[in-house]
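Presented below is the structure to which this report refers.
Protein chains: 2
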Amino acid sequence: MSGKNAQGLTEQEFLNSYNPEKYEHPSVTVDTLIFTVDKSGEDYHLQILLVRREAHPFLHKWAVPGGFVGMKESVEQAAVRKLEEETGLRDTYLEQLYTWGDVERDPRTRIISVSYIALIPRETLLCAEKEGRCPAVLTTREGKQDMRRAAWHHVSIREGRLQLQGGNGVLDEKDLAFDHGRMIRLALERMKNKVFYTDIAFKLLPEKFTFPELQRLYEAILEEKLHAPNFRRDMKKWVEQTDEKCKPQKAGKPAWYFRRRQNEKH
Amino acid sequence: MSGKNAQGLTEQEFLNSYNPEKYEHPSVTVDTLIFTVDKSGEDYHLQILLVRREAHPFLHKWAVPGGFVGMKESVEQAAVRKLEEETGLRDTYLEQLYTWGDVERDPRTRIISVSYIALIPRETLLCAEKEGRCPAVLTTREGKQDMRRAAWHHVSIREGRLQLQGGNGVLDEKDLAFDHGRMIRLALERMKNKVFYTDIAFKLLPEKFTFPELQRLYEAILEEKLHAPNFRRDMKKWVEQTDEKCKPQKAGKPAWYFRRRQNEKH
DNA sequence: GTAATAGTGTCTCTGAGACATTATATA
DNA sequence: TATATAATGTCTCAGAGACACTATTAC
Chain Z
1 MSGKNAQGLT
11 EQEFLNSYNP
21 EKYEHPSVTV
31 DTLIFTVDKS
41 GEDYHLQILL
51 VRREAHPFLH
61 KWAVPGGFVG
71 MKESVEQAAV
81 RKLEEETGLR
91 DTYLEQLYTW
101 GDVERDPRTR
111 IISVSYIALI
121 PRETLLCAEK
131 EGRCPAVLTT
141 REGKQDMRRA
151 AWHHVSIREG
161 RLQLQGGNGV
171 LDEKDLAFDH
181 GRMIRLALER
191 MKNKVFYTDI
201 AFKLLPEKFT
211 FPELQRLYEA
221 ILEEKLHAPN
231 FRRDMKKWVE
241 QTDEKCKPQK
251 AGKPAWYFRR
261 RQNEKH
Chain R
1001 MSGKNAQGLT
1011 EQEFLNSYNP
1021 EKYEHPSVTV
1031 DTLIFTVDKS
1041 GEDYHLQILL
1051 VRREAHPFLH
1061 KWAVPGGFVG
1071 MKESVEQAAV
1081 RKLEEETGLR
1091 DTYLEQLYTW
1101 GDVERDPRTR
1111 IISVSYIALI
1121 PRETLLCAEK
1131 EGRCPAVLTT
1141 REGKQDMRRA
1151 AWHHVSIREG
1161 RLQLQGGNGV
1171 LDEKDLAFDH
1181 GRMIRLALER
1191 MKNKVFYTDI
1201 AFKLLPEKFT
1211 FPELQRLYEA
1221 ILEEKLHAPN
1231 FRRDMKKWVE
1241 QTDEKCKPQK
1251 AGKPAWYFRR
1261 RQNEKH
């Protein structure tokens, strides 16, 4: 392709003459919805990492961690970078969610945001935290009000409304900055839809896991109870048994550890 | 919320001091994949509107119609605007597909593209064309090579490869500009996945349609044949019969017209 | 032993897939 | 009447959902 265009320029001449500064551009950010699973308690719960804003606009409201996309990084690389800044982790599962482009979504200036979902096993976060690589710590001192910048919040939909529960009590959509409430609701919706026909649930578990663990995770994502025998039957396509058992916490039969199947049967 | 932030500014003071021109920004475009359905011939075929590039880069290659997002329009509004420029139509079905953010995807400068899928019934396009509102005409003189800027192309996946067929013969992915081949493949994939659990197929049909029409459309989207009795049984949930019949083209029993059900049963 | 949790066997009923048949138009 | 296309009836089999049951640990 060394043809000339309508103005009689070659490709190189054209590239040199092209001036991207002629037009005013919007800013582009990434917002990364970082999820993990809380395994304390009888039932599991999804948790999302939120940061308290210490600047206008939406001063003191909570937001999904995000930042500007640099000129020399892809949008996805920017999401990976933000994720590492917040959690100290690379190589985690990351999926593009949606791009938010309303003119007035940020009162400062025109900002378009590409949102991503990140899924991290709790064990991975605890490990990073122990090594001091994770700024957003999981362990909270009971009773003491949580004044940290970044904090994990239980997230659920109660009677159609978004509900967030962190160290500072219960929040809802109006306590969130920008359009981040809609973002979180869309992410939860997406995960519910995808959990049965993709392997996203496994991105929240360590390599080895028991069937009860897996089922409770599905129940946390779907926000409904499942029938254990049918769940096992259906999941047998996706997982294979190892030769290890776990130690029961209280009493009861120890569960076998399973792992994700390599050669995707079915 | 009239608190002061870390620098002791109110929200209004902060907004005034905020200067978005400090950083260099990427450009943001929309690319709109405009689909319709070709009903000539025994089987139906999906068609996509492509434009021939008359400028560098990718001079003379084909591309999905797109353009810059203005500062005073939402990203979705920009997609609607581009769609109207190409087809003369508003109020058509539009769905965000994916945001493409690789640094090198455009050799000129950093451009992030938000892609959309638009679905338009052929009858709507023909109507707009008859009234002279549609720049991208559908009717082609047989035999004559097609030198128009915008042209419709049959689109399919043959042995895993994208294949496009327009007035100028057969194209494949390497005849397309930028990452538009990947875009089109993702769009076809998405439509195949969504056709059975959403109502996207109906966005390509007029208000009234026959069962054979509907089935051929599904077959065009899925690129596989379906079993007529089972297809009717399954679709009865979505459609309701009218009291009109169509006139058979050649011979045979006339088909009933159906319409989309209002109160979504199931 | 009892309590508690993990895991299995199997019955029923719905729904998908395939085939045979009936219905209604044109030529 | 022959032919072409539209539409239906129904058989079979696989899989989802529910239930009762067995298994293995701690105490």
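So the sequence lines, in the order shown, correspond to chains Z and R. Counting from 1, one number per residue, gives the positions in the first sequence under our numbering. Counting from 1001, one number per residue, gives the positions in the second sequence under our numbering. Every residue gets a Cβ at the ideal spot worked out from N, C-alpha and C, and that includes glycine.
Evaluate residue i with the Cβ neighbour count: other Cβ atoms within 10 Å of its Cβ, from every protein chain shown; 16 or more gives buried, anything less gives exposed.
i: H45 (chain Z); result: buried
i: E243 (chain Z); result: Here residue 243 (chain Z) is Asp; the residue named in the question, Glu, does not match the sequence. Exposed, since its Cβ has fewer than 16 Cβ neighbours within 10 Å.
i: G101 (chain Z); result: buried
i: L1226 (chain R); result: exposed
i: K247 (chain Z); result: exposed
i: V1155 (chain R); result: buried
i: G3 (chain Z); result: Model confidence at G3 (chain Z) stands at a pLDDT of 47, short of 50, so the residue's coordinates are unreliable and nothing is read from them.
i: K130 (chain Z); result: exposed
i: Y1197 (chain R); result: exposed
i: E159 (chain Z); result: exposed
i: V1170 (chain R); result: exposed
i: K1072 (chain R); result: exposed
i: A78 (chain Z); result: buried
i: Q215 (chain Z); result: buried
i: R108 (chain Z); result: exposed
i: D1128 (chain R); result: According to the sequence shown, residue 1128 (chain R) is Ala rather than Asp. By the neighbour-count rule (16 or more Cβ atoms within 10 Å), A1128 (chain R) is buried.
i: K1281 (chain R); result: A question about residue 1281 (chain R) goes unanswered here, because the residues of chain R that appear run from 1001 up to 1266.
i: E86 (chain Z); result: buried
i: S1113 (chain R); result: buried
i: E213 (chain Z); result: buried
i: S40 (chain Z); result: exposed
i: D106 (chain Z); result: buried
i: G1252 (chain R); result: exposed
i: E189 (chain Z); result: exposed
i: E240 (chain Z); result: exposed
i: P65 (chain Z); result: buried
i: A187 (chain Z); result: buried
i: L1162 (chain R); result: buried
i: G1181 (chain R); result: buried
Does the CB of residue i have a neighbour CB from chain Z at under 7 Å?
i: G1101 (chain R); result: yes
i: R1149 (chain R); result: no
i: S1156 (chain R); result: no
i: V1075 (chain R); result: yes
i: M1183 (chain R); result: no
Along the chain, where does the alpha helix (DSSP H) that runs through residue i open and close?
i: I1120 (chain R); result: Neither: I1120 (chain R) is in no alpha helix (DSSP H) and is coded neither H nor E.
i: R190 (chain Z); result: 180-194
Just to confirm the assignment, what range does the beta strand (DSSP E) spanning residue i have?
i: H25 (chain Z); result: Here H25 (chain Z) belongs to no beta strand (DSSP E), and DSSP marks it neither H nor E.
i: Q1262 (chain R); result: First-last for Q1262 (chain R): undefined, no H or E at that position.
i: R1161 (chain R); result: 1161-1166
i: D172 (chain Z); result: 169-172
i: R1158 (chain R); result: 1150-1158
Counting only beta-carbon separations shorter than 7 Å, does residue i have a partner in chain R?
i: P26 (chain Z); result: yes
i: G143 (chain Z); result: Summary for G143 (chain Z): the model assigns pLDDT 40, below 50, so the residue's position carries little reliability; its value from the coordinates is reported in the next sentence. Chain R contact via Cβ: absent.
i: I117 (chain Z); result: no
i: R110 (chain Z); result: yes
i: S113 (chain Z); result: no
i: M71 (chain Z); result: yes
Should residue i be counted as a contact of the ligand HEM given a C-beta to heavy atom distance under 6 Å?
i: E24 (chain Z); result: Ligands are entirely absent from the displayed structure, and the ligand HEM is therefore not among its contents.
Going along the chain, which unbroken runs of the beta strand (DSSP E) with 3 or more residues stay wholly within the stretch 201-248 of chain Z? Fully enclosed beta strand (DSSP E) runs of 3 or longer: 208-210, 239-245.
Please give me, in chain order, every unbroken run of the beta strand (DSSP E) with length at least 3 that falls completely inside the stretch 1036-1078 of chain R. DSSP assignment within the stretch 1036-1078 of chain R yields the following whole beta strand (DSSP E) runs of 3 residues or more, N-terminal first: 1045-1052, 1066-1068.
Does the count of Cβ pairs from the stretch 249-261 of chain Z and the stretch 199-213 of chain Z closer than 8 Å reach three? With a cut-off of 8 Å on Cβ pairs, the stretch 249-261 of chain Z is in contact with the stretch 199-213 of chain Z, counting three or more such pairs.
Could you name each continuous beta strand (DSSP E) segment of 3 residues or more that falls completely within the stretch 82-125 of chain Z, going from the start of the chain to the end? The stretch 82-125 of chain Z contains these whole beta strand (DSSP E) runs: 93-100, 111-119.
Using 8 Å as the threshold, is the stretch 167-182 of chain Z in touch with the stretch 76-93 of chain Z, meaning 3 or more CB pairs across them? Contact fails: fewer than three Cβ-Cβ distances are below 8 Å.
Segment contact, 8 Å Cβ cut-off, at least three pairs: the stretch 28-40 of chain Z with the stretch 112-127 of chain Z: With the rule of 3 Cβ pairs closer than 8 Å, the stretch 28-40 of chain Z counts as touching the stretch 112-127 of chain Z.
Mind the definition here: the stretch 1217-1237 of chain R touches the stretch 1038-1055 of chain R only if three or more C-beta pairs lie below 8 Å; say whether that holds. The answer is yes - the stretch 1038-1055 of chain R touches the stretch 1217-1237 of chain R, with three or more Cβ pairs under 8 Å.
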